[in-house]
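What follows is a single structure, written as structure tokens, with notes after it.
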Amino acid sequence: SEEWTTIGLSTTTPALGEGLEILSELLTQPAFPEAEVEQARERALTGLQVQATRPADVADRAFRSAVYGEHPYGRLPSTASVAALTRDDLVEYHATWYRPDGALIVVSGDVDPAGVESRLEGIFSSWLPQARPTIEFPRAPDRLRPEIVVVHQPGSVQAEIRVGHLLQGGDVDDWDALVMANEVLGGGPPGRLQQVLRDALGYTYDARSTVERGRRLGLFQVVTASRTDVAAAAVEEIIVQLERLRTTALPSSELADRAGYLVGSLPRSLETPQQVAGEITSHRLLGLPAARLESARSRWMALDTAAVRETASLRLRPEQLLIVVAGDATVLQPRLRGLGEVSVVDVDGRSLTLADLVPGPPSESFDLRGLKPAVLRYSVMAGGMARGEAVRTLEPVEGGWRFASRIEAGSQRLEQEVVVDTRLGFRSSKSVLESPTGWVRVHAELRGDRLRGAVEAGPESAPVDLAAPPGVTLSDGLELALWATDLAVGREIRLPVADLQAGTVAEVVMRVEEETEITVPAGTFPVFRVSVNGRDPQNFYVRKEAPHVPVRMESVTRPVALELVDAGGR
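All the letters of the sequence shown, read from the start, carry residue numbers 726 to 1295 under our numbering.
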């Protein structure tokens, strides 16, 4: 929850007393050891890095930030804010906000209430409140017309869609009817969104809506994903279904079906002591009477179609919608303009213009004439275990270089080759992926100002015909840009990179993040860690001494890496 912190304890009944003693120490006397603070920081930073590569997470963060604005619910952790936190910050925050006059303790299980209460009073008797600071919360945005935000993810063939607006918080009289209206709209497979967007139109695999209740603010939200080319149509259909729910009589059979589902799910939501404690906690902290849990069945069954439609008309407001779509803005922006004014931002929320969406030339010139032929052998690592081997070779050709790679892991084999000139300018490429399910072959060459070739998968073949901006290259040869470049922490290299299978050209940024040391089968090396964005974000650990060949290359989103075994004298 954005509104409270939960500390949970699950234990056997005989061990409850000892467990409460431990819980009390954790809650009132946390040590915050420096080493554990740093471990938590590293986990958080890694999590943020992974989130930035996942379109669903990107869309979720952008939606929450925009819908809540400067209100605290919209303040999300960033790499900068997490990196800046100190142990003293945590100690001060704990002393200020972890206090008995703001605490609720719920115990659920086969226990003696009087005995537990007495034990808790003894354990927490020395936990005393301090002066509470006052806080003025900024207002959340008041939208008077729909707002459309596109989060640019270059080359993405999928679009993550979030549509919604704020709701009144607290103990709202018609909340039950609003929950029922939401069930009709997007409560899983029987919901209208799923039936229309997936079953009838084939736009998506899943489409759902939710209503969240908060003490101060609530939230209505639709969550789905689609192909980029139909994202605008999917958004339009979401709005159509929302208006239909607000303005059209609800069939009694549909209401009975959804009410039956909610009533049937009640026992499953209260099966365990943990679930019971969770429900009671949320009810109490939201300012709701716990007795509402006992009356839920009768309340659901008492709703009629008129009340549900009336509540939908009152609470669901198409004119206040926030629409966030994460995907390739070069495709999305022109198609979404028909629904309203569109703003485009990057994954960090910075505004982008249309000119920013067109990949420019490389940020610098490259000179590969000083390179020497090389044979690099790597171990293919998956889940921390060696699963195969890879050989990467660099050899001269007339006026340039041929960079080839062969990777064998399990039943899969991937062969890639890219030919570039001495300025890293793309000439041609080919790759073949073989697996038990078939093969995929991709080839292309530069002809004038276009990349032309084909993508072949078994009997199927699709042409490649892309405009080639100056200095375009492929991801297969990206690391060559590092081999012959002077590197230092903070340096960024920007390149237009073509994705032949996706049919896109997007800017890729390689940034030198830090100096460190890494041990791989070939030995221990001082290295630069270079982050590489794009469809498959990676970290390259390259030798500090030139040529900056990769010692380790790892995926950010998957537990897969290549580790250097032999540099062949490099």
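Idealized CB from N, CA, C, for every residue including glycine.
- Message: For Glu-919 and Gly-913, which I take to be in contact (beta-carbon distance under 8 Å), what is that distance rounded to the nearest angstrom?
- Response: Residue identity check: residue 919 is Gln in the sequence provided, not Glu. Between Gly-913 and Gln-919 the Cβ distance is about 7 Å, and since that is below 8 Å, they are a contact.
- Per DSSP, what kind of secondary structure is Ser-977 in: helix, strand or coil? helix
- List the DSSP bridge partners of Thr-949. According to DSSP, which records beta bridges pairwise, Thr-949 is partnered with Ile-886 and Ala-932.
- Task: Would you list the one or two residues that DSSP bridges to Phe-1265?
- Result: Val-1255 and Met-1278
- Item | Sequence-distant residues of its chain with Cβ nearer than 8 Å to Ala-1015 (five each side left out) | Ile-1005, His-1008 and Arg-1009
- Message: Taking 8 Å as the cut-off, does the stretch 1019 to 1028 touch the stretch 897 to 906 (at least 3 CB pairs, one atom from each stretch)?
- Response: yes
- For Asp-931, which option in Val-897, Ile-1243, Ala-1032 and Gly-916 has the closest C-alpha, if you only look at C-alpha atoms? Gly-916
- How big is the Cα-Cα spacing for Val-1255 and Pro-1059? 34 Å
- Close beta carbons around Asp-1224, own chain, < 6 Å, minus the five adjacent residues each side: The answer, listed in chain order, is Gly-880.
- Message: Which residues does DSSP list as the beta-bridge partners of Arg-1166?
- Response: Val-1157 and Glu-1181
- Tell me Trp-1126's beta-bridge partners as DSSP assigns them. Beta-bridge pairing links Trp-1126 to Pro-1121 and Val-1145.
- Count the CB pairs spanning the stretch 1271 to 1284 and the stretch 1203 to 1218 that are closer than 8 Å, and state whether there are at least three. yes
- Query: Under three-state DSSP, which class holds Tyr-798?
  - Reply: helix
- Item | Terminal residues of the alpha helix (DSSP H) in which Thr-804 lies | 804 to 809
- Task: Would you decide whether Val-965 is buried or exposed? Buried here means 16 or more other CB atoms lie within 10 Å of its CB.
- Result: A residue is called buried once 16 or more other Cβ atoms fall within 10 Å of its Cβ, and Val-965, having fewer, is exposed.
- Message: What ranges does the beta strand (DSSP E) occupy inside the stretch 1057 to 1102, keeping only unbroken runs of at least 3 residues that lie completely in it?
- Response: 1067 to 1070
- Are the stretch 838 to 845 and the stretch 770 to 777 in contact at 8 Å, needing three or more beta carbon pairs? no
- Look at the alpha carbon of Ser-1153 and the alpha carbon of Asp-1073, and state the distance between them as a whole number of angstroms. 34 Å
- Item | Unbroken alpha helix (DSSP H) run spanning His-877, endpoints | Careful: His-877 lies outside any alpha helix (DSSP H), inside the beta strand (DSSP E) at 872 to 877.
- Query: For Phe-849, which residues of its own chain have a beta-carbon under 7 Å away from its beta-carbon, when the five flanking residues on both sides are left out?
  - Reply: Ser-749 and Pro-825
- Task: Check whether the Cβ atoms of Glu-1242 and Phe-1253 sit closer than 8 Å, and answer yes or no.
- Result: Taking 8 Å as the cut-off, the beta carbon of Glu-1242 is found no closer than this to the beta carbon of Phe-1253.
- Can at least three beta-carbon pairs, one atom from the stretch 852 to 866 and one from the stretch 977 to 991, be found at a separation below 8 Å? Judged by Cβ distances under 8 Å, the stretch 852 to 866 makes no contact with the stretch 977 to 991, as fewer than three pairs qualify.
- Message: Can you look up Leu-967 in the DSSP assignment and give me helix, strand or coil?
- Response: helix
- Task: Check each candidate in Gln-883, Glu-937 and Pro-755 and name the one with the smallest Cα separation from Ala-820.
- Result: In terms of CA proximity to Ala-820, Pro-755 leads the group Gln-883, Glu-937 and Pro-755.
- Message: For a quick check, are the C-beta atoms of Thr-1166 and Glu-1142 less than 8 Å apart?
- Response: A small fix is needed here, since residue 1166 is Arg in this sequence, not Thr. Cβ distance not < 8 Å, so Arg-1166 and Glu-1142 don't count as in contact.
- Between which two residues does the alpha helix (DSSP H) carrying Pro-838 extend? 838 to 848
- Item | Close Cβ partners of Ser-1280 (< 8 Å) along its chain, the five nearest in sequence each way excluded | Asp-1261, Pro-1262, Gln-1263 and Ala-1286
- Can you tell me which of the three DSSP states Gly-834 falls into? coil
- Proximity winner among Arg-952, Val-909, Val-955 and Asp-924, relative to Val-936 (alpha-carbon distances): Val-909
- Message: Closer than 7 Å to a non-hydrogen atom of the ligand PLP - does that hold for the CB of Leu-1079?
- Response: The ligand content of the structure shown is nil, which means the ligand PLP is not present either.
- Query: Leu-1064 and Pro-871: beta carbons closer than 8 Å?
  - Reply: yes
- Does the pairing of the stretch 823 to 839 with the stretch 850 to 862 give three or more beta-carbon distances under 8 Å? Taking 8 Å as the limit for Cβ pairs, the verdict is that the stretch 850 to 862 does touch the stretch 823 to 839.
- Query: Taking C-alpha atoms, which residue in Arg-1102, Thr-738 and Val-1189 lies nearest to Leu-1289?
  - Reply: Arg-1102
- Query: Hey, how far is the Cα of Phe-862 from the Cα of Glu-795?
  - Reply: 9 Å
- Item | Inter-residue Cα distance where the pair is Ser-1160 and Val-1145 | Cα to Cα, Ser-1160 sits roughly 28 Å from Val-1145.
- Message: Taking the beta carbon of Pro-1086 as the centre, do at least 16 other beta carbons fall within 10 Å, making it buried, or is it exposed?
- Response: The residue is exposed, with fewer than 16 neighbouring Cβ atoms inside 10 Å.
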